[in-house]
Amino acid sequence: MLPKKLQAMNFAASESSVAPTLSRRGFLISAAATATGLAIGYQVLGAKASAGAAGGPLSPFASYVEISEDGVVTVLSSQFEMGQGAYHGLATLVVEELGANWDQVTVRGVSANNDLYGNLAWGGVAQGSGGSTSMATSWDRYRKAGAAAREMLIAAAAQSWGVPAAEISVKEGVVSHASGRSAGFGALVKAAASQPVPTDIALKAPSEWTEIGSESTKRYDRVGKTNGAQDFTIDVKLPGMLTAVMIHPPKFGATVAGFDAAEAKQIAGVHDVIAIPRGVAVVAKDMWTALKARDLVTVSWDESQAETRGIDEIFTEYRALAEQAPTAMARNDGDAAAAIGAAETVLEATYEFPFLAHAALEPLNAIAHRDADGVLNIYGGHQIPDLYHYIVSQVTETPMEQIRMVIMKTGGGFGRRAVGDGDVVAEAAMIARAIGYAAPVKVQWTRENDMRGGRYRPAYVHKMRAGLDKDGKLVGFENHIVGQSIVAGTPFEGLIQNGIDQTSVEGASNQPYAIPNVAVGLTTTDVKVPVLWWRAVGSTHTAYAVETFMDEIIEATGGDPVQYRLDLLKDHPRHAGVLKLAAEKAGYGKKALPEGHYHGVSVHESFASYVAEIAEVSVEGGEVVVHKVTAAVDVGTAINPDTIKAQVEGGVGFGLGSVLQEDLTLTQGAVDQGNYDSYMPLRIDQMPEIDVHIVESDAPPTGIGEPGLPPIGPAVANAVYRATGTRVRILPFAKGMVA
Amino acid sequence: MEHVLKINGQEHRVDVDPDQPLLWAIRDAVGLTGTKYGCGVAQCGACTVHLNGVPVRSCQTFVEDAVGAEITTIEGIGDKVATAVQEAWADLDVPQCGYCQSGQIMSAAALLSETPKPTDADIDSAMSGNLCRCATYQRIRGAIHEAAKRLEA
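Chains as they are written, first to last, in the working numbering: chain U, 1 to 739; chain V, 740 to 892.
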């Protein structure tokens, strides 16, 4: 998922020549520092906003809400649905203000109009979903759209019935007047759409909300996800559609030197076997035919530019770098080195975090179909649709306005569908072009393609030092982070400021504890393994390092893990608030735990949401068993409490799998894992009971797709220490418990 | 080679290799897409269907071995147990992305047909072959218990 502070994007085609392979410079997203912050060049893609022809206010019906004459309300979503509930969240805002009935509501993804759909949490510079921003960007925008649509329906009814608008009300999809007259939305929408667009839109007061904050609202899309009806990209059927499977380079940075497909082409149903810049594509009438043929293709690779190091060599280099001075500083309060140098007690620890795969259940895919009108339709899980739109235009030499992005819900994302080079989307476009647009073509990665296709959570090493003075007071804290930049060399590299990729240090550079001397440094490494944001991004490792090292410090001072943190969080009431609530609900320090069970504590802010988690853990025969996790979250206004709970449950499960056993390794540059037998996300028999509590708040809403994840690793690790006396500093636990 | 597959009570003639996985015959030849591909090696359970009432991974079942069997997919389960499972799934808002849920429901319905009052341990054992990357497991457990309760009533 994208960082919250995506300040700047510029997809402008700066080069007049359009290369069939992609020129990165063509869609560089740039940020220029100015006195006031970041000033940005951004060129809107595709059709311009339809903001009133005469410059008047924007009609909600042309932008955010469609109502059909049979009464179906379609929310047009700027935000991407990957399971986190963004579609339902936006629909909730519209239903609340519009007064619709949930049974008439659906949601569709839209794009190609940045004025309408640019992410306001990123300054509106680009459309995209990431950094848990979907509700923040939509909060006012979609409530206002719903309210404007309601007022226009009322105005149409008032006109038609000859009654004052003020006497008309809207509830559960029915527009009605005290006289007994009533109508559905469908009957009124034609007249409503031509009403003047209200300029001064009054939103409901919180006391009037029936949907926002409702515990009983269920997701609008739940039934289709229990009967097989929900379609994903893999399920799209188009007449005559071909299926392509890919042979990717065995090492990152290798390229196709040559291939022999003679035997494969003998298979009935094989359409073609072609080389594209990203590998070799086997195109056939269906998936099984393509897979069978793929086995018969031999490819020779040019590995002269490939990454050939194994994971051990990479970590050896990182460990050495961690002992040297950082190449850039992300934070420098006071003089940490001097304070630690003069300290009575010095603590040191080195942490190692592996590469991690997103491993979403729906392997990556995309479909390209040039239709009879010459429009190139691109179906897929388009998390950054305008960027992919641009990439398709570049690789196919097709004008932007002849490309239509069809945004599908995706079978899990976790950040993997927001990638700077568009990977599988680019492949679909390249293959369609290579076969002369003879038929619609779906590129479907196998699980092995997906696991070995790169774009991992980077591996990192953290070197931590802390100093306590003779009174046991924490006087200095150092954190040196070593690892790859997620954004360097991508369209997002404008996010690097003063040598610091924020996604490498977030969660460490802004750690909240009141310590007089704090230094957070970064050394960015050069490794050719492609990396990416992975659910909660920097906080996936920084929270672990900070919160487990803090536990060591607290132990050295003799303090209590909750009270000591609270003492250092006096200026951070929202951190303190969730920690207190989690401790209270878990019965921390009060409730007697079963024999051999221990509590571990962690609190962390990511993406402006605050989460504390208390894990109840035992270690049985060397195996870590997490019995229960009590979480408290502060996300400002809770729009869908049940979705918030679901996302914390999921974030805990996702994060727990990663710290317990997920480990993406390489041998001589080749990825060792190919499937779920060797790369192992959490399964049901490892899932703890999770009890989620939401802090009541009237602050603007923030997100919860990611923030539930970071505290779980350190909470469990801190409990494991209490159970075993072992500080786990090498992840995953499967490795670190025995190291 | 032509085979007759009986899926959800209806016969489908499909022209596929006998060793083609049933998964791809169901999805590509028959056109029922509720059954999902996730791993191809029986590690994720997204492709779970019932063969004569028994849950199997269709990615590891050859078409020739399914000929003559009653094949049931997510689109075709409609008995009392399966309906209770689906309703409990919706009422507890189990799905997030939803991609694995067809397979989860097929496994859960089979569990409840065999074991009407499963314990948490029974659930963990029967469902541990079904991966959910969104980790909806707590609600899966809850929905299976809820369906069991409703079926008992």
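Where a beta carbon is used, it is the ideal one built from N, C-alpha and C, also for glycine.
With a threshold of 16 other CB atoms inside 10 Å of the CB of residue 205/U, please say whether the residue is buried or exposed. By the 16-neighbour rule on beta-carbons within 10 angstroms, residue 205/U is exposed.
At the 8 Å Cβ level, is residue 232/U part of the contact set with chain V, yes or no? Taking Cβ atoms only, chain V reaches closer than 8 Å to residue 232/U, which makes this a yes.
Length at least 4, wholly inside the stretch 249-287 of chain U: the alpha helix (DSSP H) runs in chain order: DSSP runs (the alpha helix (DSSP H)) wholly in the stretch 249-287 of chain U: none.
Cβ of residue 887/V versus every heavy atom of the ligand GTP: is any distance shorter than 7 Å? No copy of the ligand GTP appears in this structure; indeed no ligand is present at all.
Where do the ends of the alpha helix (DSSP H) carrying residue 890/V lie? First-last of the alpha helix (DSSP H) with residue 890/V: 876-891.
Which one of 604/U, 529/U, 447/U has the shortest CA to CA distance from residue 506/U? The residue among 604/U, 529/U, 447/U with its C-alpha nearest the C-alpha of residue 506/U is 604/U.
On the DSSP bridge assignment, give the partners of residue 670/U in chain order. DSSP lists 667/U as the beta-bridge partner residues of residue 670/U.
Quick one: complete beta strand (DSSP E) runs, 3+ long, within the stretch 90-118 of chain U? The stretch 90-118 of chain U contains these whole beta strand (DSSP E) runs: 105-109.
Based on the DSSP secondary-structure assignment, which residues constitute the bridge partners of residue 830/V? According to DSSP, residue 830/V bridges with nothing at all.
Reduced DSSP secondary structure (H/G/I, E/B, other) of residue 405/U: Reduced to three states, the DSSP call for residue 405/U is strand.
Proximal chain U residues relative to residue 837/V, where beta-carbon distance stays under 9 Å: Within chain U, the residues 83, 221, 222, 224, 225, 226, 230, 232, 409, 411 have their CB atoms less than 9 Å from the CB of residue 837/V, given in chain order.
Output yes or no for whether 8 Å exceeds the beta carbon distance between residue 382/U and residue 405/U. Yes, Cβ-Cβ distance for residue 382/U and residue 405/U is below 8 Å.
Under 9 Å by beta carbon: chain U residues contacting residue 879/V: Within 9 Å Cβ-Cβ: 684, 687.
For residue 637/U, name the three-state secondary structure that DSSP assigns. Correct three-state label for residue 637/U: coil.
Beta-carbon contacts of residue 430/U that lie in its chain and below 6 Å, excluding the five residues immediately before and after: Its chain contains 276, 395 as the residues whose beta carbon lies nearer than 6 Å to that of residue 430/U, once the 5 sequence neighbours on both sides are disregarded; these appear in chain order.
Mark residue 344/U as exposed unless 16 or more other C-beta atoms lie within 10 angstroms of its C-beta, in which case mark it buried. By the neighbour-count criterion, in which a residue is buried when 16 or more other Cβ atoms sit within 10 angstroms of its Cβ, residue 344/U is exposed.
Delimiting residues of the beta strand (DSSP E) encompassing residue 349/U: Residues 345-353.
Backbone secondary structure at residue 862/V - three-state DSSP: Helix at residue 862/V.
Residues near residue 772/V by beta carbon distance below 8 Å, same chain, minus five either side: Closer than 8 Å at the Cβ level, and outside the excluded window around residue 772/V, lie 766.
Does any CB atom of chain V fall closer than 8 Å to the CB of residue 458/U? Chain V, which has no Cβ nearer than 8 Å to the Cβ of residue 458/U, makes this no.
Relative to the C-alpha of residue 698/U, which candidate in 678/U, 226/U, 661/U, 636/U has its C-alpha closest? Among 678/U, 226/U, 661/U, 636/U, the Cα nearest to that of residue 698/U is on 636/U.
Run down chain V in chain order and give the residues with a C-beta less than 9 Å from the C-beta of residue 654/U. Going along chain V in sequence order, the residues near residue 654/U (Cβ under 9 Å) are 872, 873, 874.
Ignoring anything shorter than 4 residues, give me the alpha helix (DSSP H) runs that lie fully in the stretch 386-432 of chain U, in order along the chain. Entirely contained in the stretch 386-432 of chain U, not one alpha helix (DSSP H) run reaches 4 residues.
Quick one: which chain U residues come within Cβ less than 9 Å of residue 866/V? The contacting residues are 683, 684, 685.
Alpha carbon of residue 868/V to alpha carbon of residue 784/V, nearest angstrom: CA-to-CA, the gap between residue 868/V and residue 784/V works out to about 6 Å.
Residue 760/V - partner residues in DSSP beta bridges: Answer is 801/V.
Pick from 363/U, 418/U, 422/U: whose alpha carbon is nearest that of residue 411/U? Out of 363/U, 418/U, 422/U, 363/U has the C-alpha closest to the C-alpha of residue 411/U.
I want to know whether the stretch 720-728 of chain U touches the stretch 741-761 of chain V - three or more CB-CB distances under 8 Å. With a cut-off of 8 Å, the stretch 741-761 of chain V and the stretch 720-728 of chain U do not count as touching, because too few Cβ pairs lie within range.
Should residue 200/U be labelled buried (16 or more other beta-carbon atoms within 10 Å of its own) or exposed? Its Cβ having fewer than 16 others within 10 Å, residue 200/U is exposed.
Verify the CB distance criterion: does residue 783/V have a CB-CB separation below 8 Å to chain U? Yes, residue 783/V lies at the interface with chain U (some Cβ there is under 8 Å from its Cβ).
Is there a Cβ of chain U sitting closer than 8 Å to that of residue 846/V, yes or no? Judged by the 8 Å Cβ criterion, residue 846/V is not in contact with chain U.
Report all residues from its chain with a CB closer than 7 Å to the CB of residue 539/U; omit the five preceding and five following residues, and keep chain order. Within the same chain, residue 539/U has close Cβ partners 506, 507, 604, 606, 710.
Keeping to the same chain, check which residues put their C-beta closer than 6 Å to that of residue 329/U; ignore five residues upstream and five downstream. Once the five neighbours on either side are set aside, the close Cβ partners of residue 329/U are 521.
At which residues does the alpha helix (DSSP H) containing residue 553/U begin and terminate? Per DSSP, residue 553/U belongs to the alpha helix (DSSP H) from 539-557.
Starting from the C-beta of residue 744/U, find all residues in its chain whose C-beta is less than 6 Å away, skip the five residues before and the five after it, and write them out in chain order. In the structure displayed, chain U extends from 1 to 739; residue 744/U sits before or after that span and is not available.
Considering only residues of the same chain and omitting the five flanking positions on each side of residue 269/U, which have a CB-CB separation below 6 Å? The residues are 284, 285, 289.
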